[in-house]
Structure formats: structure tokens, C-alpha cells
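S.K.:
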Amino acid sequence: MAKRIFFSFHYQDIIDFRGNVVRNHWMTKPNRETAGFFDASIWETAKKTSVMALKRLINSGLKNTSKTCILIGSETYNRRWVRYEIFRSIYDGNDLIGVHINKIKGKNGLTKNYGPNPFEYLGLEFSSDGWYAQPREYKISSWGNSRDFDRYKLNVRISEDLRGKSINLTRWSTTYKWIKDDGYNNFGKWVS
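In terms of our numbering, the sequence shown opens at residue 113 and continues consecutively.
1) If you follow the beta strand (DSSP E) that Phe261 is part of, which residue opens it and which one closes it?
2) Looking only at its own chain, which residues have a Cβ that is under 8 Å from the Cβ of Lys224, when we skip the five neighbours before and after it?
3) Among residues of its own chain, excluding the 5 on either side of Val194, which ones have a beta-carbon nearer than 8 Å to its beta-carbon?
4) Using CA atoms only, rank isn't needed, just tell me which of Asp125, Phe118, Pro247, Val303 is closest to Tyr226.
5) According to DSSP, is Trp243 part of a helix, a strand, or is it coil?
6) Taking the DSSP output, what are the residues bridged to Thr223?
7) Compare the C-beta of Arg130 against all C-beta atoms of chain D and say whether one is closer than 9 Å.
8) Taking the beta carbon of Ile117 as the centre, do at least 16 other beta carbons fall within 10 Å, making it buried, or is it exposed?
9) What separation, rounded to the nearest whole angstrom, lies between the Cα atoms of Arg130 and Lys277?
10) Write down the C-beta distance between Glu237 and Arg248 rounded to the nearest angstrom, noting that I regard them as a contact closer than 8 Å.
11) Determine the direct distance from the alpha carbon of Asn298 to that of Asn267, and round the result to whole angstroms.
12) Please give me, in chain order, every unbroken run of the alpha helix (DSSP H) with length at least 4 that falls completely inside the region 161–222.
13) Is the beta carbon of Asn280 less than 9 Å from the beta carbon of Gly210?
14) Based on Cα-Cα distance, which residue from Trp243, Asn171, Leu222 lies nearest to Phe199?
15) Going by beta-carbon coordinates alone, are Asp241 and Arg269 separated by less than 9 Å?
16) Return helix, strand or coil for Asn280, following the three-state DSSP convention.
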């Protein structure tokens, strides 16, 4: 059965066409079940207003999704709202995957070097009692608390080995390369 996937990306990668290759590849398959996903992204309607309105829009877009796919371009790792979408996805219980898209030819026919993995720049710091998580971000040269996502209570107590520690999000995510890992044929497996 096809999953509802929330795609998170830097809007420039949609303008340059790379992000749309991944999000729209289902169109060349017999149906969405064969492709393995439905796109629940919200950015076509998101050139919006206030910070709170944008957070509500993202939160609403994530409802009824089970996976969040980060389309990794050159600047994705540093985008404020991508970071928020990742933290909100974790809070909502979504599985995370990343897909490097820079080797897809852009609308100019060129490719780019792989961009930094956003999961390496984000983490969670767990309380010593194991009941709370504080989203953390790496900016410029140091780690700090997320500016957009506050400390929250966990539904299930974190395992004892993680209590009182800061853990990088690469621990809970898998990253693929669209071209090298044959995303056209394998994306459905990646999100299953």
C-alpha cells in the first residue's frame, strides 16, 4: 500500500527542477501504488504570513503521514523550515529518510556536488531522567537549542544508554543518493 510522504526541501531545488524529479517520478509509473507513495508536501501554498501561520501549515501538512523525505540539495541543511519540519516529524513519530538530489541534472542541464547532510547538523539532547528531548541545531561553529522547536515530553521514556546525552539525528535516519542508488526504481522500497 502506498504511504503518504511529506517532502521537505529547499525551495530553490524545486525551481532548479531537481526536487520535482523525485516528487513527480510517480507520474511515469502505472499508478501511485506502484510508485509507493503520495506526496503530502505543502510548499506550493506556503508563501505565507507569520511564523505561527507557517508552523500551523507545516503541522497540518504532516498530519496523516508516516514518513518524511528530506530532498538534500546544496543549502537544505541550513534552511530554517527544513529544520523545523525534521524536528516536527520526529515529534509526530515519522520515520526520516534523506535523498541527495544534486546529481540530478537541473533545468540548466548541469549537476552539482552533494550537499551537506542535514541530519548531521541536528540532534536531540535527552534529559537525565529520560522523559524529555531538547531539539539541538549546529549553527556556524557551535551547537545550540532549536529556535523554533521547544523541549518536549516523550511518549515513551528513552533508553537508559541515551539519558543525559546529545545524539545526532543520523542515528535515526537513512540517507540515499537518487542517481547512484537508483531512486527511480527503489524509492518505493526506501519509504515502505
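Built from N, CA and C at the ideal position, the CB exists for glycine as well.
M.R.: Taking the structure as given:
1) What you label residue 261 is simply residue 149 of the sequence shown in a count that begins at 1. Note, Phe261: premise wrong, no beta strand (DSSP E); not H, not E.
2) For the purposes of this step, residue 224 is taken as the residue at position 112 of the sequence shown. Once the five neighbours on either side are set aside, the close Cβ partners of Lys224 are Gly185, Ser186, Asn214, Lys215, Gly218.
3) Within the sequence shown, the letter at position 82 stands for residue 194. Within the same chain, Val194 has close Cβ partners Ser120, Phe121, His122, Ile182, Thr188, Pro230.
4) Along the sequence shown, one-based indexing puts residue 226 at 114. Out of Asp125, Phe118, Pro247, Val303, Asp125 has the C-alpha closest to the C-alpha of Tyr226.
5) Translated into positions along the sequence shown, residue 243 becomes position 131. Three-state DSSP puts Trp243 in coil, outside helix and strand.
6) Start at 1 with the first residue of the sequence shown, and residue 223 comes out as number 111. Thr223 has no beta-bridge partner at all, per DSSP.
7) Of the protein chains in this structure there is only one, and it is not chain D.
8) As a first step, residue 117 is located in the sequence shown; it is residue number 5 there, counting from the start. Buried, by the Cβ-count rule.
9) Numbered from 1 along the sequence shown, position 18 holds the residue referred to as residue 130. Numbered from 1 along the sequence shown, position 165 holds the residue referred to as residue 277. Distance between the alpha carbons of Arg130 and Lys277: 36 Å.
10) Taking the sequence shown and counting its residues from 1, one reaches residue 237 at position 125. Taking the sequence shown and counting its residues from 1, one reaches residue 248 at position 136. Right, their Cβ atoms sit about 5 Å apart.
11) Position 155 of the sequence shown, counting from 1, holds the residue named residue 267. Position 186 of the sequence shown, counting from 1, holds the residue named residue 298. Spanning the two alpha carbons is a distance of roughly 32 Å.
12) Qualifying alpha helix (DSSP H) stretches, in chain order: 163–174, 192–204.
13) Here residue 280 refers to the residue found at position 168 when the sequence shown is read from its first residue. Here residue 210 refers to the residue found at position 98 when the sequence shown is read from its first residue. Taking 9 Å as the cut-off, the Cβ atoms of Asn280 and Gly210 do not count as close.
14) Here residue 199 is taken as the residue at index 87 of the sequence shown, counted from 1. Nearest of Trp243, Asn171, Leu222 to Phe199, Cα basis: Asn171.
15) Walking along the sequence shown from the start, residue 241 turns up at place 129. Walking along the sequence shown from the start, residue 269 turns up at place 157. A contact, by the Cβ cut-off of 9 Å.
16) In the sequence shown, counting from the first residue as 1, residue 280 sits at position 168. It is a strand residue.
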